[in-house]
Each structure stands twice: as C-alpha cells, then as structure tokens.
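Numbering (my numbering), first residue to last: 420 to 726. Built from N, CA and C at the ideal position, the CB exists for glycine as well.
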Amino acid sequence: MGTWGAGLYESDLAEEVKDKFIELVRDGENTEEATNELVEYNREEIDDPEDGPVFWLVLADTQWKLGRLQDFVKEKALHIIENDTDLKNWLDEDSKHVKKRIKILSDLSVRLKSPMPKEKKLRKSNEYICDWLVGDAYAYKLTGEESKKSGLYGKYAIVIKVDEGIWHPKHRVPIVRVKIVEEEILPKSNNEFDKLKYFAVRNYFQDDIEIDQTFPVESVEGTENRKTINQLVYNELNIVHGYLLLLAITSRKQVSDNFVFLGNFSGVKKPVNEYIPNNRYNIAYVAMQNFEHWLNLYSEYNLDNIN
420 MGTWGAGLYE SDLAEEVKDK FIELVRDGEN TEEATNELVE YNREEIDDPE
470 DGPVFWLVLA DTQWKLGRLQ DFVKEKALHI IENDTDLKNW LDEDSKHVKK
520 RIKILSDLSV RLKSPMPKEK KLRKSNEYIC DWLVGDAYAY KLTGEESKKS
570 GLYGKYAIVI KVDEGIWHPK HRVPIVRVKI VEEEILPKSN NEFDKLKYFA
620 VRNYFQDDIE IDQTFPVESV EGTENRKTIN QLVYNELNIV HGYLLLLAIT
670 SRKQVSDNFV FLGNFSGVKK PVNEYIPNNR YNIAYVAMQN FEHWLNLYSE
720 YNLDNIN
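So, in structure tokens, the structure goes:
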C-alpha cells in the first residue's frame, strides 16, 4: 500500500479503513460489528509495525468524527501517540514531514480527549456504475506540480479498460492498463495503439508472487495472458511489473472533468512480461483523485516506457 504524505489520511490504508468503516455502518452494521469486521479483515496490517499504528489512529479519528468512538479504540490510539509508536516510523523522513506528523498527532490527541459530536446517522450511498466498455480508451492530461518534477507534465495518460472491479462501497469501476504519450501521438487505431509502450503501475517481487499464487485463480481479463512464477522474467531487482490498475472512478463528473474519449481499441496487444495476480485484491488500485500521483510514483520504473 502506498503513502504520499504525512497527513493522517495520506495513505491507501488510511483511506481504506475510513471508507470501509463508513460503508459498513451505512450498510446497517452497528459500531461494534463494523469494527470487528474491519479488525478481522486487516489482521495482517494491524500486526505490521508501520501499518498497525495507522489503522488504529485512523479508526479512532473516523469513529470520533461520527460520534461513535469506542473506548478500547480510543485507548489504543492514545497509547500509540503517547509512546511515539507511529512517529518513530517518520523519523527518517524529511524534517518538514516529521513536523507535520507531530502536529497531526498532537491535534488528534486533543480531539480524542474532547467530547464527541452527536452520533451521525449515515444514509446508504448511491452506487456509481462506470459505463465504459472493454476496449474503450480515454486520455487524461497530466498537469499537476508533481508531474513537472517527474517529467510527465503535459503528457497524456491513456487508459484502456480491460476488465471491471468493485470499489467501496459498491461502485463498479474499470480495471485498466496505461500508456503515457505526447499529445501529437494520441492513437486513432489499434495499430497506432500497439506501437506505444505500456506503463507499469505496480512492482511484484518474487516473494509476493509466490504468496499470491497460493490463491485460487480469479477471472481477471481471462487466463490466456497469465504466467506462472516460472514463466516470468525478473529484472535485476528481482521484480516483475504489473500493468493492471483498478481506477476508482465514482461519478460521471470525474469522467467528464478529466477524460477525453479516444475510441474503442478492442483486441490490442497485451504486455509481454506481465504479472496478473491470482487474487483480485493484489491488483494495483487508486482513487481517482490520486491517479496522477500514482503515475508519478512509478515514473522512475518506466523511463523507457514513456512515449
């Protein structure tokens, strides 16, 4: 899971914990039931020295803001803050990030010790169904500040839908592959699309693949392109790239504001040496608002794949 800043919610795990707790309550579970389900689902993260503190801090903050803070969750969060359990994980970072994290933890401590707001009733959320077809390709212009540093500024990310996934609470969203291009070479046909290189969106180490292959195969874009651990070619870092990305588009406005339709390119060629996880949960995923940040994070692994 990724982290992109010192803010309490600036990590994939933090967003997932907050969103999942809210989803469970919206679906009718009480606070205790929702917490128990979250804990059961995130046991591996809770046992991790870096992820564990994040889980409890975010859960405590989310519960407090909803007027549902449980005593044991509050105690765990305050213990983490008072013993610098979370802060220790930030001491090797830039001093600016350390100072920001200290301030956030201090503010959270004050908040958790203050009276909670009245318990909020959560209405069931509307579910968005992205209507993209398999093979539909869209262009997204990269204009953020981060892109200036990575060299992606002004280029276009082309996303092509290859499958469909679920994003909390129950949004149906596209699973895509990505290519990065200059505006003048936006493809207009399958042939032009195939000439462009794919952009890797996740790195899989051999150990990760060995664990993933203990899961039963789930249908992700069929099985004809799937390779076993012995068929993959690892680079000098013992890594195989992944090219599938679950893109969490949760409203029609996110499409109209960000994407330009290029056409349907069904039947285009696929990456040659790609790891397709057995378990869908091991596919890379990103919320729409963090899409450009994700591409910038992986730009250094794609120096030869930017067209």
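Exposed unless 16 or more other CB atoms sit within 10 angstroms - verdict on residue i
{"i": "Gly424", "result": "exposed"}
{"i": "Tyr694", "result": "buried"}
{"i": "His660", "result": "buried"}
{"i": "Tyr559", "result": "buried"}
{"i": "Arg596", "result": "buried"}
{"i": "Val581", "result": "buried"}
{"i": "Glu434", "result": "buried"}
{"i": "Thr481", "result": "buried"}
Spatial neighbours of residue i in its chain, beta-carbon cut-off 7 Å, leaving aside the 5 residues before and after
{"i": "Val674", "result": "Ile668"}
{"i": "Val600", "result": "Lys574, Tyr575, Ile577, Leu615, Asn726"}
{"i": "Ser566", "result": "Tyr572, Glu711, Asn715"}
DSSP-derived helix/strand/coil call for residue i
{"i": "Leu506", "result": "helix"}
{"i": "Asp582", "result": "strand"}
{"i": "Arg596", "result": "strand"}
{"i": "Ile577", "result": "strand"}
{"i": "Ile559", "result": "The residue asked about is misnamed: residue 559 is Tyr in this sequence, not Ile. Tyr559 falls in the strand class under three-state DSSP."}
{"i": "Leu427", "result": "coil"}
{"i": "Phe618", "result": "coil"}
{"i": "Phe440", "result": "helix"}
{"i": "Val477", "result": "helix"}
{"i": "Leu651", "result": "coil"}
{"i": "Asn683", "result": "strand"}
{"i": "Phe734", "result": "Missing from the structure shown is residue 734; the chain here goes from 420 to 726 and no further."}
{"i": "Lys493", "result": "helix"}
{"i": "Val529", "result": "helix"}
{"i": "Ile695", "result": "coil"}
{"i": "Phe634", "result": "coil"}
{"i": "Ser569", "result": "helix"}
{"i": "Arg520", "result": "helix"}
Nearest candidate by alpha-carbon position, reference residue i, set the options
{"i": "Arg487", "options": "Asn449, Arg462, Glu434", "result": "Asn449"}
{"i": "Ser670", "options": "Tyr700, Ile604, Tyr428, Asn545", "result": "Asn545"}
{"i": "Lys589", "options": "Lys439, Pro635, Leu432", "result": "Lys439"}
{"i": "Asp526", "options": "Leu681, Glu564, Trp483, Thr562", "result": "Trp483"}
{"i": "Val592", "options": "Val705, Glu429, Leu432", "result": "Val705"}
{"i": "Leu510", "options": "Leu663, Ile548, Glu469", "result": "Glu469"}
{"i": "Asp676", "options": "Tyr557, Phe634, Pro696", "result": "Tyr557"}
Chain-order list of residues whose beta-carbon lies under 6 Å from that of residue i (same chain, five-residue window excluded)
{"i": "Leu478", "result": "Val436, Val492"}
{"i": "Asn622", "result": "Ile658"}
{"i": "Asn411", "result": "Shown here, the chain extends from 420 to 726; a query on residue 411 therefore has no answer."}
Residue(s) in a DSSP beta bridge with residue i
{"i": "Arg591", "result": "Ile548, Ile585"}
{"i": "Ile411", "result": "Because the chain is modelled from 420 through 726, residue 411 falls outside the range shown and cannot be assessed."}
{"i": "Leu664", "result": "Val595, Ala703"}
{"i": "Thr422", "result": "Ser430"}
Cβ-based neighbour list, residue i, same chain, cut-off 8 Å, excluding 5 preceding and 5 following
{"i": "Gly426", "result": "Lys519, Ile523"}
{"i": "Asp513", "result": "none"}
{"i": "Val687", "result": "Gly554, Ile579, Asn609, Phe612, Asp613"}
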